[in-house]
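Just below is one structure, and these are the notes that go with it.
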Amino acid sequence: LLRPAAPPESWQSQQLTSAPGWESEPAVSPDGRFVAYSSDAAGTPDIWVVDSAGGEPLQLTDRPGGEEPAASDRNPVWLPDGRSLLFSSDRSGRRGIWTVPALGGSTSLVVDVADEPAVSRDGSLLAFSRPGPSGPWRIWVAPIGSPGSAPPLTTDADGLLNHSRPAFSSDGRSICYSDFRDLWTVDLAGDRPRPLTSDGAFDSAPAYSPDGTAIYFASRR
45 LLRPAAPPES WQSQQLTSAP GWESEPAVSP DGRFVAYSSD AAGTPDIWVV
95 DSAGGEPLQL TDRPGGEEPA ASDRNPVWLP DGRSLLFSSD RSGRRGIWTV
145 PALGGSTSLV VDVADEPAVS RDGSLLAFSR PGPSGPWRIW VAPIGSPGSA
195 PPLTTDADGL LNHSRPAFSS DGRSICYSDF RDLWTVDLAG DRPRPLTSDG
245 AFDSAPAYSP DGTAIYFASR R
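Following this line, the structure appears as structure tokens:
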């Protein structure tokens, strides 16, 4: 947490899932009623959703057509209306961003050659990671209705090696992302990205607080 703050004493954790294997990348729905996540409980990485109060998880995605090779579905993120989710998958043969209804159904491709989607709170912008002109992955941003028009937001000078896990601020004006070791932020108005952490502690997976005054992140520090 990048400001002095103590979580409310009323905060309590609750275990929601307990399937064998791994379960990761949780995403809370806009109304707080559900949590989407990635899991290999069915044998391959898929997108699941569970009631935030507990209950039986629902599997949203599976191997297309039941054929090999198995797809790897990861990185779920809710669209603002809560009716559907975006996720990344290699089900087309290469990594892309797909959408699926929140209660399951047909999937459709949103943008090809892309990973790790993030959506602004008003639903107007889509950010994702994708290889840049020199090869390593960079952060890209585009109107959600025309993701193919995305320009690269970050360059080779804006972080070590690959750039990943973009997260929009609550007002949609800036993005935080990870490089190989640290966090960076960039103002979408046109400023260049700047490092937010710089101690090489392998910081990743940033998430803004609802009021935009803090950033939560995972770290090996």
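What the sequence shown shows, in the working numbering, is residues 45 to 265, in sequence order.
Every residue gets a Cβ at the ideal spot worked out from N, C-alpha and C, and that includes glycine.
Q.
Taking the alpha carbon of D75 as the reference point, which residue from D125, E100, Q59 and A251 has its own alpha carbon closest?
A. Closest option to D75, Cα to Cα, is D125.
Quiz prompt | Straight-line Cα distance separating Y81 from W55 | solution = Taking the straight line joining both Cα atoms gives about 21 Å.
Checklist entry - Under a three-way DSSP split, which group does P195 fall into? => result In the displayed model, P195 falls within coil according to three-state DSSP, outside both helix and strand.
Problem set entry | Beta bridge counterpart(s) of F335 as assigned by DSSP | Any property of residue 335 remains undetermined from this structure, which presents the chain solely from 45 to 265.
Worksheet entry | When D243, Y260, S152 and T241 are compared against P250, the one with the closest alpha-carbon | When the alpha-carbon of P250 is set against those of D243, Y260, S152 and T241, the nearest one is in Y260.
**Prompt:** Taking the C-alpha atoms as reference points, what is the distance between A201 and S178?
**Reply:** Each residue's alpha carbon lies about 12 Å from the other.
Check: Given a threshold of 16 other Cβ atoms within 10 Å of its Cβ, counted over all protein chains shown, does R238 qualify as buried or as exposed?
Finding: A residue is called buried when at least 16 other Cβ atoms come within 10 angstroms of its Cβ; R238 does not meet this threshold and is exposed.
Fill in: Reduced DSSP category for N206 - H, G, I as helix; E, B as strand; rest coil
Three-state result, N206: coil.
Near P70, which residues of its chain fall below 6 Å by C-beta distance, leaving aside the five closest residues on each side in sequence?
-> So the list reads V79 and Y81, once near-sequence residues are dropped.
Q.
Let me check you understand the geometry: is the CB of G179 closer than 7 Å to at least one non-hydrogen atom of the ligand SAH?
A. Inclusion of the ligand SAH in the displayed structure is not the case, the ligand content being empty and no account of it being possible.
Close Cβ partners of A85 (< 6 Å) along its chain, the five nearest in sequence each way excluded
Taking C-beta separations shorter than 6 Å and ignoring five residues to either side along the sequence, the partners of A85 in its chain run A63 and G65, following chain order.
*asked:* I need the straight-line Cα distance from S173 to L227, nearest angstrom please.
replied: Straight-line Cα distance between these residues: approximately 15 Å.
Integer Cβ distance of R182 from P191, believed to fall under 8 Å
About 15 Å separates the two Cβ atoms, so there is no contact after all.
Inset, instruction - Reducing DSSP to helix, strand and coil, say where I188 ends up. - result: Coil.
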